[in-house]
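Undergrad: Got a structure for you, written out below as structure tokens; questions coming shortly.
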Amino acid sequence: MVNINRSYNFSAYKKYIADLINLIGPGVIVSVAQIDNGNIAASTTAGALFQYNPLFIVVLSNIFALIFQMLSCKLGVVTGKDLCKLCKEKFHPKISKLIFVLIELSIISGDLSQLIGSAVAMNILFKIPTNIGLVLTIVDCFLVLIFYNNNSLKGVRIFEILVTILVIATMSLFGIELLQIHISDKFKIVKGLFPHINDYKESSFLYTQASIIGSNVMPINLIIGSYVNQVRLRNFDVIKFGKYIPNKPTLHAVNKTLKNSLIELSIALLVAGIFVNGAIVILSGTLFYNNPQAADADLKGIYLMLCDLVSQFAGTIFAVAILFAGQSASWVGVAASEIVLLGFLDLTIDPWVTKVFTRLLALIPCLIVGLCFGDKGINTVLNLSQVLLALILPFVAIPLIIFTSDKDIMNVDLMHELEIEQGQEQEDENSRLLSNEQSTTNKDDGYHFENGKLVSIVSWAICVLITGLNAFMIISLLF
48 MVNINRSYNF SAYKKYIADL INLIGPGVIV SVAQIDNGNI AASTTAGALF
98 QYNPLFIVVL SNIFALIFQM LSCKLGVVTG KDLCKLCKEK FHPKISKLIF
148 VLIELSIISG DLSQLIGSAV AMNILFKIPT NIGLVLTIVD CFLVLIFYNN
198 NSLKGVRIFE ILVTILVIAT MSLFGIELLQ IHISDKFKIV KGLFPHINDY
248 KESSFLYTQA SIIGSNVMPI NLIIGSYVNQ VRLRNFDVIK FGKYIPNKPT
298 LHAVNKTLKN SLIELSIALL VAGIFVNGAI VILSGTLFYN NPQAADADLK
348 GIYLMLCDLV SQFAGTIFAV AILFAGQSAS WVGVAASEIV LLGFLDLTID
398 PWVTKVFTRL LALIPCLIVG LCFGDKGINT VLNLSQVLLA LILPFVAIPL
448 IIFTSDKDIM NVDLMHELEI EQGQEQEDEN SRLLSNEQST TNKDDGYHFE
498 NGKLVSIVSW AICVLITGLN AFMIISLLF
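Counting from 48, one number per residue, gives the positions in the sequence shown under the working numbering.
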């Protein structure tokens, strides 16, 4: 009998697992857009009107979101800059200002759904009037200010853990919700995963599809995706070299961050996005289909119908879910507002000012609508805000595709790592740029991460498809 001694390098596996755990968080933050109250409202309306048929666009829109978010993640990691900074640097000032205004509008639109959802949940669970609940959501600004500091990896990790807990809790609650209902014909769910061409002849169906796409592929999320790994890039360079160069990560930091971040991003988006949105469509399609009251029901109306059709427990679970979803998305939205203002305007004011300012921009319209038109008016604004996100999306996706397809932008200078390792990096790089112009050999002295032909074709095709759907929806609504 021969004994074979096998030695396993457990320390290497342990280090790999530790590195993977440290990279968990950015993908979860990005996935919040897939499970916020805008998604809940859009998917509920779609299921009530068209039963399980919207499941196809739920899956497709989440795939769209994943593709764009992978580009966004790659852009931020390779360049060390977020999408806002690059738009300001590379585009004409007038184009840059237009994109800035549209992104700010998308932040307000996204924030509207979070504020409304949180306020409605507070009203259901704690009997707090909706308008007072809206005002209370401004406290989120200060919670984010305490925990989210992009100069500190520890602060960012705390923020990511808090958001992760809320995301997992939201998914679990909708899983429990699904267990409360009985689906008579499960084969219809399978059929809903395929497109139904006849539905696209109806303007209401196109409107709901645009709403689902806008809520899943939120423009502001593409900004966040290009930003959330910045502190990790700096941390990897500081650990290895003892310092870092702002907006200029080394190949070591890029390689350490990019692969695992893309894996975590894919898992978070596909699991959270498809599961939660699919669960809502199935829930709504089973309980509310062909129910005239359900098509125009607001979040509180959905809660009441769940109490009547299923149980009080099911209604309460729904209320807690929209509270958790609203809070997690609201935190991320408040953090994103600072990214946009700093990226486009180079503001040097205190972070709390930008967070409170952006929250007030979203809060004031909510209060006006709530006071003038009540809960029904608020629900109309909520659905409209998601459609507006779909209309703005191409103006953010196009710069993202352009930048990630540019060989010069998506380049990591190999000499930079050698210089920083040898302590030769200079603050003034004019002399180095001049020497590079004189040297033909150094021109391609880098590692390129630009999009391949297939990725470029798919990205542009998605952008054209979304733009075409938006145009078709507008024409159908007008005529």
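Beta carbons are placed, not taken as given, at the ideal position from N, Cα and C, and that holds for glycine.
1. Out of 170, 81, 174 and 120, point me to the one whose CA is closest to residue 258's CA.
2. If you draw a straight line from the alpha carbon of residue 116 to that of residue 131, how long is it in whole angstroms?
3. State the DSSP-derived secondary structure class of residue 99, mapped to helix, strand or coil.
4. Buried or exposed for residue 242, going by 16 or more other Cβ atoms inside 10 Å?
5. Provide the residue span of the alpha helix (DSSP H) that contains residue 494, from first to last.
6. Using three-state DSSP, classify residue 459 as helix, strand or coil.
7. Could you spell out where the alpha helix (DSSP H) holding residue 268 opens and where it closes?
8. Give the DSSP-derived three-state secondary structure of residue 481 in the structure shown.
9. Take residue 287 as the anchor and find which of 303, 232 and 230 has the nearest alpha-carbon.
10. For the alpha helix (DSSP H) that contains residue 337, what are its first and last residues?
11. Using a Cβ-Cβ cutoff of less than 6 Å, which residues in the same chain neighbour residue 446 once the five nearest sequence positions on both sides are dropped?
12. Are the region 138-157 and the region 351-371 touching by the rule of at least three beta carbon pairs closer than 8 Å?
13. Could you pull out every unbroken alpha helix (DSSP H) segment of at least 4 residues lying fully inside the region 329-389, listed in chain order?
14. DSSP three-state call for residue 472: helix, strand or coil?
15. Would you call the region 148-155 in contact with the region 167-180, where contact means no fewer than 3 C-beta pairs closer than 8 Å?
16. Quick check on the burial criterion: 16 or more other C-beta atoms within 10 angstroms. Buried or exposed for residue 284?
17. Determine the direct distance from the alpha carbon of residue 387 to that of residue 181, and round the result to whole angstroms.
18. Got a sec? Which residues, its chain only, sit under 6 Å from residue 315 by beta carbon, not counting five neighbours each side?
19. To the nearest angstrom, how far is the alpha carbon of residue 533 from that of residue 520?
20. Please classify residue 137: does DSSP put it in a helix, a strand, or coil?
21. Reducing DSSP to helix, strand and coil, say where residue 158 ends up.
22. My assumption, with CB atoms under 8 Å, is that residue 496 sits in contact with residue 125. Please give the rounded CB distance.
23. Less than 7 Å separating the beta-carbons of residue 221 and residue 368?
24. Quick check: what's the CA-CA separation for residue 201 versus residue 247?
TA: So, to answer that:
1. 81
2. 15 Å
3. coil
4. exposed
5. Careful: residue 494 lies outside any alpha helix (DSSP H), inside the beta strand (DSSP E) at 493-495.
6. strand
7. 266-272
8. Its pLDDT being 40, under 50, residue 481 is placed unreliably in this model, and the coordinates cannot settle the point.
9. 303
10. Per DSSP, residue 337 belongs to no alpha helix (DSSP H) and is neither H nor E.
11. 134
12. no
13. 339-342 and 346-356
14. Here the model assigns residue 472 a pLDDT of 48, short of 50, so the residue's position is not dependable, and the following value carries that caveat. Looking at residue 472 - three-state DSSP - the assignment turns out to be coil, as it is neither helix nor strand.
15. no
16. buried
17. 23 Å
18. 74, 75 and 78
19. Residue 533 is absent from the model: the chain starts at 48 and stops at 526.
20. helix
21. helix
22. 5 Å
23. yes
24. 48 Å
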